[in-house]
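Residue numbers (the numbering used here), protein chains in the order written: chain P, 1 to 295; chain X, 296 to 706.
Have a look at the structure below, then the notes.
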Amino acid sequence: MTPIINTGNIDRKKRISQGVAFTIFKLMSYSVVAMLILILGFIVSKGIGVISWDFLTKAPEEGMTKGGIFPAIVGTLCLIAGSSLFSFPIGIMSGIYMNEYAAGSKVATFIRIMTNNLSGVPSVVFGLFGMALFVNTLKFGDSILAGSLTLGLLSLPLVIRTTEESLKAIDNSYREGSMALGATKLQTIQKVVLPMAFPNIITGLILSIGRVSGETAPILFTVAAYFLPKLPTSIFDQVMALPYHLYVISTSGTDIEASRGIAYGTALVLIVIVLIVNLLANFLRNYFSKKVKTN
Amino acid sequence: MKAISLYRIKKRNFNVKRFIEKLVEGALLISGSITSITILLIVIFLFKEASGLFNSPVIEDGYVLAFNKTNPVKKLNAYQIKQIFDGAITNWDEVGGKEEPIEVVRLSDLTKYYTEAELGANFENIPAKASELTSKHPNIILFLPNSYISKNFDGTLLKHETLRPGDFFGGKEWYPTASPAPQYGLLPLLLGTLWVSLGAILLSLPFGIAVAVYLAEISSMRIRNLLKPIIELLAGIPSVVYGFFGLVVIVPFLQKTFNLAVGETALAGSIVLGIMALPTIITVAEDAMRNVPRAMKEASLALGATQWQTIYRVVIPYAKSGITSAAVLGIGRAIGETMAVLMVTGNAAVIPHTLLEPVRTIPATIAAELGEASAGGGHYQALFALGCILFIITMIISISVEFISSKKYSK
Chain P
1 MTPIINTGNI DRKKRISQGV AFTIFKLMSY SVVAMLILIL GFIVSKGIGV
51 ISWDFLTKAP EEGMTKGGIF PAIVGTLCLI AGSSLFSFPI GIMSGIYMNE
101 YAAGSKVATF IRIMTNNLSG VPSVVFGLFG MALFVNTLKF GDSILAGSLT
151 LGLLSLPLVI RTTEESLKAI DNSYREGSMA LGATKLQTIQ KVVLPMAFPN
201 IITGLILSIG RVSGETAPIL FTVAAYFLPK LPTSIFDQVM ALPYHLYVIS
251 TSGTDIEASR GIAYGTALVL IVIVLIVNLL ANFLRNYFSK KVKTN
Chain X
296 MKAISLYRIK KRNFNVKRFI EKLVEGALLI SGSITSITIL LIVIFLFKEA
346 SGLFNSPVIE DGYVLAFNKT NPVKKLNAYQ IKQIFDGAIT NWDEVGGKEE
396 PIEVVRLSDL TKYYTEAELG ANFENIPAKA SELTSKHPNI ILFLPNSYIS
446 KNFDGTLLKH ETLRPGDFFG GKEWYPTASP APQYGLLPLL LGTLWVSLGA
496 ILLSLPFGIA VAVYLAEISS MRIRNLLKPI IELLAGIPSV VYGFFGLVVI
546 VPFLQKTFNL AVGETALAGS IVLGIMALPT IITVAEDAMR NVPRAMKEAS
596 LALGATQWQT IYRVVIPYAK SGITSAAVLG IGRAIGETMA VLMVTGNAAV
646 IPHTLLEPVR TIPATIAAEL GEASAGGGHY QALFALGCIL FIITMIISIS
696 VEFISSKKYS K
């Protein structure tokens with residue numbers, strides 16, 4: 001009796017086509033990763049020689065071809081602090097509202113759609129909006145306040161989404177257990193839900209800091225100064241910022257070739273910030289998830 | 296007696312508690328509405344600032360154009376005025392008048408017709424002379440500041456002509472500093488944006504999907520855990536850093552390879568944007584493939600299909616809507632990206648014919664020019680109008696992603 005299908009032949013064909021396809025996918029994946037590593041490696045290798053204590057702690061000198069980037073670092077830190085003060089409380093509160101009070105309702109769906117829409121709005125539109133509302137209409141002028149609010153609005157969707165996801169991941173039985181013991185809804189959120197969701201929320205917050213530190217378009221017209229060696233003294237001052245500094249010295253500085261070194265250094269500092277933020281987020285996630293398990 | 300008062304205290308406490316609960320809930324609701332309010336405010340402010348564009352004069356603020364009274368031409372649009380003053384249109388019949396050559400006169404040209412003594416030591420006679428010149432020359436077009444037009448000016452004034460929507464939406468030139476008629480044509484910028492974004496998505500989509508398939512279905516867990524953080528890290532790198540990398544590596548490379556005069560081209564923009572869109576595409580497409588039910592894959596394998604057959608017959612078709620979302624989100628990211636594009640595309644506001652020409656995109660135009668546009672002027676309003684266009688495009692993208700992914704669940 002002969003087999004109905006000659007499996008040997010087909011198997012071989014199948015195996016070859018699978019082998020070819022998998023090899024292509026593998027090669028494409030590795031080439032993508034290799035390219036990404038190449039970008040990082042390029043910036044790191046060119047920038048590492050520029051980084052020094054002076055570079056990090058001195059103001060730019062001689063038409064931004066010498067000196068350091070200290071005012072830009074301070075400016076970026078101010079913007080991170082300002083935008084976080086705005087977006088963290090509001091973002092976490094909306095996340096709590098969406099998951100704990102309005103879960104599954106039309107209100108929550110509406111807020112979610114609006115939040116998704118807001119996260120799709122290009123950063124330059126935030127810049128236009130921030131300029132029209134905060135700088136011109138509310139008369140904050142080009143200031144840390146205007147820039148921080150613009151950046152805060154930009155990072156709000158990210159904070160809301162991570163808070164909501166973190167809360168969603170918590171099993172309902174914890175809430176029911178707390179309620180059964182006579183706790184009110186607010187007490188349940190305060191004492192049970194939030195402490196459990198805290199590790200994931202904090203990870204999201206840290207990632208949003210990474211995003212804020214690198215944004216350029218929203219601060220172009222709301223806060224960023226081309227060259228300002230003195231440090232800010234109030235929230236109505238302009239500041240320099242790292243991403244904007246990199247943009248100006250690589251495209252429109254007084255002597256582009258002479259300031260290339262500074263540009264590589266600035267790019268490296270930006271990458272290091274992103275790296276630290278990512279590592280910190282990963283570390284905290286792992287650290288807290290272990291802690292929760294052992295408890 | 297004592298028991299009753301205790302009960303009262305408890306009851307009052309209970310009310311205070313409930314009041315606080317309601318208060319907190321209200322505060323949370325207000326926070327939750329901030330994103331919606333922001334969207335609303337963005338719409339209001341963008342459209343408010345942009346709406347003035349179609350009320351702004353076709354010629355520079357504070358200036359007028361004057362014709363002879365006998366000239367049948369009473370209206371000119373922005374593009375025609377620019378053509379006339381550039382010398383591209385030289386005869387009135389090209390703009391609907393008699394067949395006569397056009398005589399272009401600017402303020403500085405007045406000295407060709409009158410001596411400086413005639414114009415007056417402090418130019419106090421200019422209004423009278425301008426009026427005289429206009430009435431004597433039937434084919435003249437005179438471009439003057441408002442202040443030099445006297446009350447009894449002898450001629451037709453083109454003063455209140457405003458920009459039409461056609462000049463913006465159908466305009467083929469973006470030249471906001473042109474004198475006397477600034478050009479606010481959307482087409483070169485819109486086409487520049489589309490060229491760069493489509494180029495980016497064509498480059499990144501095949502790679503993005505390949506990586507997603509590899510990570511979701513082929514690679515071992517160990518390799519996935521190694522590659523995933525690297526890709527996530529790249530999503531976090533600021534766009535200026537990508538732009539800077541493009542400027543110092545990709546631009547010179549393209550210039551050498553294709554032997555170009557300038558390396559800042561649409562292709563450079565597409566490559567940089569393609570790299571930037573990769574993490575988005577990979578993450579969304581991989582999530583979609585991971586959501587394919589295990590049972591479907593196992594059923595396919597149990598029927599004797601190979602792993603590869605399962606991937607392209609079961610996993611990819613099932614994850615189709617997710618992959619589409621990934622592509623659309625990638626395009627959205629590319630269209631809205633500002634800084635990287637601004638740094639590598641060369642920013643020439645001309646309608647592109649090949650990918651190897653400099654182009655200018657909508658976001659790059661806003662970022663580059665808003666600083667020098669005076670608030671409330673035509674240029675400023677035109678930039679806000681560009682912002683509106685960008686906002687509408689991204690809204691359409693967000694809504695279509697919402698639509699695509701909601702379809703997935705209804706099936």
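A virtual CB, placed ideally from N, CA and C, is assigned to each residue, including glycine.
What you are looking at is a predicted structure, and each value in this text was computed from that prediction instead of being measured.
- Taking CB atoms only, SER331/X has a neighbour in chain P less than 8 Å away.
- With fewer than 16 neighbouring CB atoms inside 10 Å of its own CB, MET591/X falls in the exposed class.
- Between ALA59/P and PRO243/P, the gap from beta carbon to beta carbon reaches 8 Å or more.
- Interface annotation, LYS312/X: in contact with chain P, CB-CB separation under 8 Å.
- Only residues of its own chain outside the window of five on either side were considered, and among them ALA373, TYR374, GLN478, TYR479, GLY480, LEU481, LEU482 have a CB closer than 8 Å to the CB of GLY466/X, listed in chain order.
- Nearest Cα to LEU153/P within the set PHE134/P, THR23/P, LEU268/P, THR266/P: PHE134/P.
- The way I'd put it, the segment 330–347 of chain X does touch the segment 674–682 of chain X; three or more beta-carbon pairs between them come closer than 8 Å.
- Between GLU176/P and MET98/P, the CB-CB gap reaches or exceeds 8 Å.
- The beta carbon of SER119/P is closer than 6 Å to those of PRO157 in its chain, skipping five residues each way along the sequence.
- For PHE42/P, the chain X residues whose Cβ falls inside 8 Å of its Cβ are PHE540, VAL544, in order along the chain.
- For TYR374/X, the nearest beta carbon of chain P is not closer than 8 Å to its own beta carbon.
- From the beta-carbon of TRP490/X, no residue of chain P is found nearer than 7 Å; the closest lies around 17 Å away.
- When ILE687/X, THR689/X, GLN604/X are compared, the shortest CA-CA separation from GLN18/P is found for GLN604/X.
- For ASN447/X, the three-state secondary structure derived from DSSP is coil.
- Contiguous alpha helix (DSSP H) elements confined to the segment 581–644 of chain X occur at 589–597, 602–605, 615–631, 634–639, taking only those with 4 or more residues.
- When C-beta distances to chain X are compared with 9 Å, the residues of the segment 85–101 of chain P below that value are PRO89, ILE90, GLY91, ILE92, MET93, SER94, GLY95, ILE96, TYR97, MET98, GLU100, TYR101, in chain order.
- Beta bridge pairing from DSSP links LEU452/X with ALA361/X.
- When only Cα atoms are considered, ARG12/P and VAL506/X end up about 26 Å apart.
- Residues of the same chain with a CB within less than 7 Å of the CB of HIS245/P, apart from the 5 flanking positions on each side, are ILE69, ALA72, THR266 in chain order.
- Within 7 Å of the CB of GLN378/X, no CB atom of chain P is found; the nearest one sits about 31 Å away.
- A Cβ-Cβ contact shorter than 8 Å links PHE349/X with PRO460/X.
- Taking SER514/X as the centre and dropping the five residues before and after it, the same chain places the C-beta of LEU522 closer than 8 Å to its C-beta, in chain order.
- Considering only VAL272/P, LEU205/P, ALA217/P, ASN200/P, the residue with the shortest C-alpha distance to ASN286/P is ASN200/P.
- In this model, LEU280/P and LYS317/X are separated by some 37 Å (Cα to Cα).
- If only complete runs of 3 or more residues are kept, the segment 233–284 of chain P shows no beta strand (DSSP E) anywhere.
- Taking the C-beta atoms as reference points, ILE144/P is found no nearer than 8 Å to THR330/X.
- Chain-ordered listing is empty here: chain P has no CB closer than 9 Å to the CB of VAL359/X, the nearest sitting near 29 Å.
- Counting C-beta atoms within 10 angstroms of its own C-beta, VAL623/X has 16 or more neighbours from the protein chains shown and is therefore classed as buried.
- Cβ neighbours of TYR226/P within its own chain (closer than 7 Å, five residues either side excluded): VAL248.
- The segment 625–633 of chain X and the segment 75–89 of chain P do not touch, with fewer than 3 CB-CB distances between them shorter than 8 Å.
- Take the alpha-carbon of GLU527/X and the one of VAL579/X: they are about 12 Å apart.
- One thing to note: MET638/X has its Cβ no nearer than 8 Å to the Cβ of GLY558/X.
- Residues of chain P with a Cβ closer than 8 Å to the Cβ of ALA670/X are, in chain order, ASN136.
- If you ignore the 5 residues before and after GLY392/X, its C-beta comes within less than 7 Å of the C-beta of ASN366, PRO367, VAL368, all in its own chain and listed in chain order.
- By alpha-carbon distance to VAL159/P, the top candidate from ALA183/P, ALA169/P, GLY130/P, ARG211/P is ARG211/P.
- The CB of GLN602/X comes closer than 9 Å to the CB of GLN18, PHE22 in chain P, given here in chain order.
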